[in-house]
Amino acid sequence: MPIALGQDEDIKDMKGGRKMSLVRWNPRQSLMSLPSALDDFFRGFGLNFEEQDRIWMPIVDVAETEDAYEIKAEIPGLKKEDIKISLEEGMLTLQGEKKEEKEKEKRNYHRIERVYGAFHRSFRLPREVEADKIKARYEDGILSVVIPKSEKLKPKQIAVS
């Protein structure tokens with residue numbers, strides 16, 4: 007079992023100072039205190055663990071085929087009009103806003119896990135893509151963006167003579 011250095015109040019040297027003692031390191035205890043340590047860390051940025059969970063960033067899959075790159079983002083609950091895709095200086099950006107539903111009657115919530123608000127994700131594209139042929143489709147909460155490769159990036163077969 008690994009050990010860590012710590013101070014023991016009961017061990018003092020001859021001059022009244024403190025000596026370092028060896029203390030067994032308990033990995034379970036370290037893991038149990040991790041959420042508290044992270045909460046302390048994020049509190050310095052004005053966030054706590056619960057608030058941190060409310061920051062929304064859609065999860066994405068990025069794949070590559072011989073002909074194209076494809077980005078799929080989970081963005082449920084939006085209309086396609088609420089999603090903007092831009093390409094500037096080789097940076098593809100997905101952005102939008104999921105607006106909170108207006109309620110007709112007052113409710114006392116016990117828990118709210120759905121997140122709302124603005125989001126954006128950016129991806130640096132290789133230089134050799136066909137920017138004018140990028141296509142996007144939004145269906146069933148999934149945004150699919152297909153970025154065709156230029157001929158320079160596509161693999162080529164070279165005949166042997």
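Just add 6 to wherever you are in the sequence shown, counting from 1, and you've got the numbering used here. Cβ atoms here follow ideal geometry from the backbone N, Cα and C, with glycine treated the same way.
>> Please tell me whether MET2 and ARG130 are closer than 8 Å, where the distance is taken between their beta carbons.
In response: Past the boundaries of the shown model lies residue 2; the chain is included only from 7 to 167, so the question cannot be answered.
Across which residues does DSSP place THR99 in a beta bridge pair? Against the sequence shown, residue 99 aligns to sequence position 93. In DSSP, THR99 forms a bridge with SER92 and SER128.
| request: Could you check what DSSP says for GLU87 in three-state terms: helix, strand or coil? | output: Locating residue 87 in the sequence shown gives position 81, counting from the first residue. Reduced to three states, the DSSP call for GLU87 is helix.
Going by CA-CA distance only, name the one from ARG127, ASP88 and ILE153 that's closest to TYR173. Outside the modelled stretch of the chain, which goes from 7 to 167, sits residue 173, for which no answer is possible.
Around the Cβ of LEU173, are there at least 16 other Cβ atoms within 10 angstroms (buried) or fewer (exposed)?
-> As shown, the chain starts at 7 and ends at 167. That puts residue 173 outside it, with no answer to give.
Where does the unbroken beta strand (DSSP E) through ARG133 begin, and where does it stop? Taking the sequence shown and counting its residues from 1, the one referred to as residue 133 is at position 127. Where ARG133 is concerned, there is no enclosing beta strand (DSSP E), given that its DSSP letter is neither H nor E.
Exercise. Is it true that the CB of LYS104 sits closer than 8 Å to the CB of GLY83?
Worked result: Here the question's residue 83 lines up with position 77 in the sequence shown. Here the question's residue 104 lines up with position 98 in the sequence shown. Yes, these two residues count as a Cβ contact at 8 Å.
Q. Which word fits LYS158, buried or exposed, when buried means at least 16 other C-beta atoms lie within 10 angstroms of its C-beta?
A. Sequence index remark: in the sequence shown, residue 158 carries index 152 (1-based). Exposed is the call here.
- [ ] Report the rounded CA-to-CA distance for HIS126 versus ALA142, giving the unit in angstroms.
- [x] In the sequence shown, counting from the first residue as 1, residue 126 sits at position 120. In the sequence shown, counting from the first residue as 1, residue 142 sits at position 136. Looking at the two C-alpha atoms, the distance is approximately 16 Å.
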